[in-house]
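Residue numbers (full-length UniProt numbering): 1 to 309.
Worksheet: one structure, shown below.
What follows is the structure in C-alpha cells.
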C-alpha cells in the first residue's frame with residue numbers, strides 16, 4: 001500500500017499531445033499525489049528536520065481541508081477526514097507542549113501513536129514462552145515485567161536484537177525505495193534535526209499553507225483559505241465554518257455518504273438520570289479499576305523512580 005501511495009505521489013505530468021480526458025485525470029491524480037507526498041515524507045523521509053516535517057503536515061492539512069470543504073464525502077469519508085486532522089493537530093500540540101516543558105529537547109513525531117503499547121503487548125505475548133495467552137490477572141502482572149524489559153532495552157539497545165540495525169535510505173520517488181524497514185523507523189535511524197528549539201510553529205503552519213496554495217493553483221483550483229479567514233469559524237476540524245466540528249456537532253451533509261446518523265454525536269444535554277456521585281458511597285463500590293494504559297504507565301513510572309534511586 002505504501003508503495004502504491006508513493007507511486008501516485010511521484011506521477012509525472014502528461015505529454016502535451018495527450019487527450020484532454022487523460023490530461024484531466026492525470027491532473028487530479030497528481031493533486032491527490034501531493035497529499036500523499038506530504039504525509040509520507042513527513043513520517044518516512046529520515047533526512048527531514050522537525051521544522052520540515054511540521055511544514056509538510058501543515059501543507060497536507062490545508063490541501064485536505066480545501067478538497068473536503070468543496071467535495072465533502074466525494075473526496076474522503078468524514079471519519080477519515082477527522083482522523084487525519086486530529087493526527088496533525090496532535091503533532092502540533094505535542095511539539096508546543098514540549099517547547100514549554102523542555103525547550104532544548106528533541107521530538108520525534110514517529111513516536112506518537114500506539115507503537116509504545118504495541119511494544120508492551122509484543123513483550124507480554126513472548127516473554128512466557130508457549131503461554132502466550134493471559135487472563136486479566138496474568139496480564140496485569142506481565143505488563144509490569146514487560147515495561148521493565150522495554151525500559152532496560154531502551155537504555156542498553158545492544159542487549160536486544162531489534163530494528164536498531166536498520167540501514168534506511170532517504171525516501172525517493174522510486175516506489176521500490178519503500179521497504180518493510182520503513183515500518184520500523186526509530187529515533188536512532190532518524191538523521192534530521194528534531195530539536196524543538198529550532199522550530200517556530202506559526203512559521204511552519206504558514207509555509208505549509210503557502211505550499212498548499214501552490215499545489216491547488218497548479219491543479220487549476222482556487223484556494224478557499226482567504227474566504228475562510230474572512231467568514232470566520234473555519235479551521236481544520238471545522239471545514240464548513242460556524243465553529244461546527246465534524247463528527248461532534250452532528251452536522252451531516254448529503255454528500256457524506258459514509259456517515260450515518262448513529263455515528264454522529266448530536267446530543268448536547270446531559271441525561272436526566274445522571275447526577276453527581278453520592279458523597280457517602282464507599283470507594284470499594286465504585287468502578288475505579290485502572291485500564292491497561294494506566295497499569296503500563298504506573299509500571300514505567302515505578303521503574304524510572306527505582307532507576308534514579
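No residue lacks a Cβ here, since even glycine has one placed at the ideal position from N, Cα and C.
Local Cβ density within 10 Å of residue i, reported as buried at 16 or more and exposed below that
i, result
"residue 53", "buried"
"residue 51", "buried"
"residue 143", "buried"
"residue 85", "buried"
"residue 38", "buried"
"residue 209", "buried"
"residue 12", "exposed"
"residue 271", "Here residue 271 scores only 48 on pLDDT, less than 50, and its place in the model should not be relied on; the value that follows carries that caveat. Label assigned to residue 271: exposed."
"residue 67", "buried"
"residue 159", "exposed"
Sequence-distant residues of the same chain with beta carbon closer than 6 Å to residue i, five excluded per side
i, result
"residue 228", "234"
"residue 211", "59"
"residue 243", "233"
"residue 219", "27 and 31"
"residue 273", "Low confidence applies to residue 273: its pLDDT is 48, below 50, so where it sits in the model is not reliable, and the reading given next is rough at best. Result list for residue 273: empty, nothing under 6 Å."
"residue 194", "50, 106, 107 and 108"
"residue 288", "In this prediction, residue 288 has a pLDDT of 47, which is less than 50 and means its spatial position is unreliable; what the coordinates show is noted afterwards. So the list is empty, once near-sequence residues are dropped."
Residue i versus residue j: straight-line alpha-carbon distance, rounded
i, j, result
"residue 185", "residue 114", "14 Å"
"residue 236", "residue 136", "40 Å"
"residue 134", "residue 140", "9 Å"
"residue 18", "residue 90", "43 Å"
"residue 156", "residue 82", "39 Å"
"residue 10", "residue 4", "10 Å"
"residue 201", "residue 88", "12 Å"
Residues of its chain near residue i, where Cβ-Cβ distance is below 8 Å and the 5 sequence neighbours each way are ignored
i, result
"residue 48", "41, 42, 56 and 192"
"residue 80", "none"
"residue 217", "223"
"residue 213", "62, 223 and 225"
Close-in-space but distant-in-sequence residues of the same chain around residue i (CB under 7 Å, 5 per side omitted)
i, result
"residue 35", "60, 63 and 64"
"residue 205", "58"
"residue 262", "Because residue 262 sits at a pLDDT of 43, beneath the cut-off of 50, its placement in the model cannot be relied upon, and the point is left open."
Touching by the beta-carbon criterion (3+ pairs, under 8 Å), the stretch 141-154 and the stretch 121-128: Segments in contact, yes.
Continuous alpha helix (DSSP H) assignments of at least 4 residues falling wholly in the stretch 13-59: The qualifying runs are 20-44.
Unbroken stretches of the alpha helix (DSSP H), 4 residues or longer, contained in the stretch 76-116: 78-101
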